[in-house]
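1033 is the number of the first residue of the sequence shown in the numbering used here; add one for each residue after it. All residues carry an ideal CB built from backbone N, CA and C; glycine is no exception.
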Amino acid sequence: MVPRLLVFGDSLSFHGPDGPCAADEPRLWPNVAAAALGGNADLVAGFGWTARDVWWSLIGDPRVWADLHHVDAVLLAIGSMDTLPSPLPTYLREGLRYLRPDGLRRAARKAYLAAQPRLAVALRGRPTVLPAKLTVHYLDTAVRALRILRPTLPIVGVLPSVHRADSYGRVHTARDGAAAAMAAWAARVEVPLLDLPALVGEHVLSGRGNPDGMHWGWEGHASVGKGMAALLGPLLRPDAAPGDT
């Protein structure tokens, strides 16, 4: 069997040491994991994606509907962005891009980016992009839907990563609570989780990753890719044909 992995992710799945990359960049961790397993990876991801975006993708993207009938495993590599400070509600923050005229949009975005780290510190990292309760809700809903469609399809997830990003005031107070909630949920529904901080924590916090203090260098991608392959390998059935349930 040549395993085909369907990876749902945020920018940690496609952002390298110098910026975002095309999904077929072999040094990105989904491709490192797939190569280690002798297969290939399909990436469905976006900047700032949370567990809610994964659910929306599952129910709204016809490409995903087609892929789900043919892949050999689903990787829910999501949750890290959920834990970031979000001084503005998501709908207002994301709505900045729709402001017109262009000058107003640029001024509003510049003002928000300047205020964000200060507000993150002042508000002690609250509120977050997505509360842990909702992260778990959307992950659970996605897993239940996947298991209805493909009852024996291997599904794995991740524990949220860490950051030292100046753009968020180096504040990440919600991460530990969210990780505990995700770990408890994963144990309950039997979804193995890859511990991202164990693999890239020192890489990020020592400054060896992307200069933005959040994304990873190729060293980090290699570690996560190899770790994911080790986690996923035993779950793949070598005697199963693609799409076999």
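Separation of A1067 and G1257 (C-alpha to C-alpha, rounded to the nearest whole angstrom) is 9 Å. The residue among G1209, G1201, L1178, D1208 with its C-alpha nearest the C-alpha of L1090 is L1178. By the 16-neighbour rule on beta-carbons within 10 angstroms, W1248 is buried. In chain order, P1119 place their CB closer than 8 Å to the CB of A1147, counting only its own chain and leaving out the 5 sequence neighbours on each side.
For the 7 Å CB-CB criterion, L1145 and R1137 do not form a contact. Put simply, the stretch 1053-1069 does not touch the stretch 1093-1102. Fewer than three CB pairs are less than 8 Å apart. P1052 has H1047 as its beta-bridge partners, per DSSP. Residue nearest to A1254 within the set C1053, P1058, H1169, A1054 is P1058 (criterion: CA-CA distance). Taking the CA atoms as reference points, A1077 sits about 7 Å from S1043. With contact defined as three or more Cβ pairs closer than 8 Å, the stretch 1182-1200 and the stretch 1220-1229 are in contact.
Considering only D1085, P1052, R1156, the residue with the shortest C-alpha distance to E1126 is D1085. According to the DSSP secondary-structure assignment, D1074 is paired through a beta bridge with L1038. Within the model, the alpha-carbon separation for A1105 versus P1133 is close to 45 Å.
Under DSSP, G1252 forms no beta bridge with any residue.
Excluding sequence positions up to five before and after D1093, its CB lies within less than 8 Å of the CB of V1076, all in the same chain and listed in chain order. DSSP lists G1041 as the beta-bridge partner residues of A1109. Rounded to the nearest angstrom, the Cβ distance from H1195 to V1236 is 6 Å, consistent with a contact under 8 Å.
Shown here for A1261: same chain residues with a beta carbon closer than 6 Å to its own, the five before and five after excluded, namely A1065, A1068, L1069 in chain order.
When C-alpha distances from D1074 are compared across A1152, L1107, L1155, G1201, the shortest belongs to L1107. Around the Cβ of W1088, a 10 Å sphere holds fewer than 16 other Cβ atoms; the residue is exposed.
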